[in-house]
């Protein structure tokens, strides 16, 4: 764990040595368009810079925005979205004790079966792929907090396994079936059955099998393993299923390790009215990325972690010891709001308010308690916020990665010993690199 003196030395020398990921330039303030905080009705031309990897790239869209192939009809209120987000955060944080060491992101002694997932209704981003032979178009949610991928197969859904010449269910005795650790109806008609129960109470059950997955016209995954869901509860969205991007053996990332090196990147767009991308494969060079070590837990292999060391607001480093962040943070595509240790969040909120004195304060909105009144404003000037990671990587957040619903898009964990979470709002416009093989996380600015 870096000491305070080491961190200060790194920051003082950052002009020469620190890696700077600057989404919008190095400056003390950023301009936020007030319209970006409102529902988007038009899909704008994507502001996408080429992905750093030459692997398979697919477009990524917000499921409730106009760029989605089939925009969701369910648009929850901010309060409902944050309530669901808290369920997911509670689930993720519940995987880890408050006695672990950050060097290993050690988990609690409670064993959680691999067939449990995070909260399903918090997932916000979708990709479109082809499944089967002939390929059937499927629009699926992505989730770094899930390993088992699945699609609807209930008879009324687009994918019908009986019409695919390459579909094959796994037998109950297959090694793949044993690795699922599924409970309940693990076998039916000699076919392997899976069960995924999510942290928000939703679930999916069905047959576990394999088929051809088409990522692009030329990039295909033969024998892709996934669940063919015959029954779901608590899932009423129009998407066709879920693509697991977690770190355990069942995920797409692990299944394609031989081809893409167990690495992927994505860029989440700044608003629901623009597009991003998901790419399988590591970049040929990490030049342009601010990189830091990836933390993993053998007992909770799904999640990817990183070690924060500090936060700056308006270009000034907060007076918070790096030891406050010793519990580590999970970098997650499915959690919306970033969770910080209370000591760090209090300092961040106070410094941010100091830079926002020109705007009236507003009442708290659910878990967000640093809110402002932007009525009548076309553009809002907000202090910049940067996250400092272990090794000197400084990630300057986009303006849309700082504010959500006129509030500072951060909240506090229960205590300084609780594992933090880097949510998807803070990841907006950054190409986020998960190089599992090299144990590296990276952030490239202005990617979408």
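In our numbering, the protein residues as written are 75 to 522.
A virtual CB, placed ideally from N, CA and C, is assigned to each residue, including glycine.
Small disclaimer: the values here were computed from a predicted structure and weren't measured.
When we look at the beta-carbon of residue i and count the other beta-carbons within 10 Å, is it buried (16 or more) or exposed?
{"i": "residue 290", "result": "exposed"}
{"i": "residue 349", "result": "buried"}
{"i": "residue 236", "result": "exposed"}
{"i": "residue 307", "result": "exposed"}
{"i": "residue 445", "result": "buried"}
{"i": "residue 526", "result": "No answer is possible for residue 526: it lies beyond the span of the chain, which begins at 75 and ends at 522."}
{"i": "residue 489", "result": "exposed"}
{"i": "residue 372", "result": "exposed"}
{"i": "residue 518", "result": "buried"}
{"i": "residue 275", "result": "exposed"}
{"i": "residue 305", "result": "exposed"}
{"i": "residue 247", "result": "exposed"}
{"i": "residue 332", "result": "exposed"}
{"i": "residue 267", "result": "buried"}
{"i": "residue 144", "result": "exposed"}
{"i": "residue 253", "result": "exposed"}
{"i": "residue 212", "result": "buried"}
{"i": "residue 292", "result": "exposed"}
{"i": "residue 498", "result": "buried"}
{"i": "residue 97", "result": "Here the model assigns residue 97 a pLDDT of 47, short of 50, so the residue's position is not dependable, and the following value carries that caveat. Label assigned to residue 97: buried."}
{"i": "residue 510", "result": "buried"}
{"i": "residue 456", "result": "buried"}
{"i": "residue 431", "result": "exposed"}
{"i": "residue 513", "result": "exposed"}
{"i": "residue 105", "result": "exposed"}
{"i": "residue 169", "result": "buried"}
My guess is that residue i and residue j are in contact by the Cβ rule of under 8 Å, so how many angstroms apart are they, rounded?
{"i": "residue 103", "j": "residue 337", "result": "No, residue 103 and residue 337 are not in contact; Cβ-Cβ is about 35 Å, not under 8 Å."}
{"i": "residue 238", "j": "residue 206", "result": "3 Å"}
{"i": "residue 382", "j": "residue 399", "result": "4 Å"}
{"i": "residue 463", "j": "residue 380", "result": "6 Å"}
{"i": "residue 163", "j": "residue 413", "result": "6 Å"}
{"i": "residue 153", "j": "residue 480", "result": "Not a contact, Cβ separation roughly 13 Å."}
{"i": "residue 475", "j": "residue 118", "result": "At roughly 18 Å, the Cβ-Cβ gap does not stay under 8 Å, so residue 475 and residue 118 are not in contact."}
{"i": "residue 505", "j": "residue 483", "result": "Actually they do not touch by this definition, with Cβ atoms about 20 Å apart."}
{"i": "residue 31", "j": "residue 320", "result": "The question about residue 31 has no answer here: the residues shown for the chain are numbered 75 through 522."}
{"i": "residue 225", "j": "residue 314", "result": "5 Å"}
{"i": "residue 402", "j": "residue 492", "result": "About 10 Å; that fails the 8 Å criterion."}
For the alpha helix (DSSP H) holding residue i, just list the boundary residues, first then last.
{"i": "residue 293", "result": "Segment: none, residue 293 is in no alpha helix (DSSP H) and carries neither H nor E."}
{"i": "residue 327", "result": "326-329"}
{"i": "residue 156", "result": "152-168"}
Can you check DSSP and say which residues form a bridge with residue i?
{"i": "residue 135", "result": "200"}
{"i": "residue 312", "result": "According to DSSP, which records beta bridges pairwise, residue 312 is partnered with nothing at all."}
{"i": "residue 261", "result": "266"}
{"i": "residue 31", "result": "As displayed, the chain neither begins before 75 nor continues past 522, which places residue 31 out of reach and without an answer."}
{"i": "residue 303", "result": "226, 280"}
{"i": "residue 318", "result": "217"}
{"i": "residue 484", "result": "412"}
Could you tell me the boundaries of the beta strand (DSSP E) in which residue i lies?
{"i": "residue 271", "result": "265-272"}
{"i": "residue 354", "result": "350-354"}
{"i": "residue 518", "result": "514-518"}
{"i": "residue 337", "result": "337-341"}
{"i": "residue 206", "result": "Note, residue 206: premise wrong, no beta strand (DSSP E); not H, not E."}
{"i": "residue 112", "result": "From DSSP, residue 112 is part of no beta strand (DSSP E); its letter is neither H nor E."}
{"i": "residue 505", "result": "505-509"}
{"i": "residue 367", "result": "364-367"}
{"i": "residue 494", "result": "494-496"}
{"i": "residue 142", "result": "No beta strand (DSSP E) holds residue 142; DSSP gives it neither H nor E."}
{"i": "residue 323", "result": "Element bounds for residue 323: n/a, residue is neither H nor E."}
How about residue i: is its Cβ closer than 6 Å to a heavy atom in the ligand HEM?
{"i": "residue 133", "result": "The ligand HEM is absent from the structure shown, which contains no ligands of any kind."}
Tell me the start and end of each unbroken beta strand (DSSP E) in the segment 429-476 that is at least 3 residues and wholly inside, in chain order. 453-457, 459-463, 467-470
Which whole runs of the alpha helix (DSSP H) in the segment 209-258 are 4 residues long or more, in chain order? 249-254
At what residue ranges does the segment 378-411 contain a whole run of the beta strand (DSSP E), taking only runs of 3 or more? 382-387, 403-405
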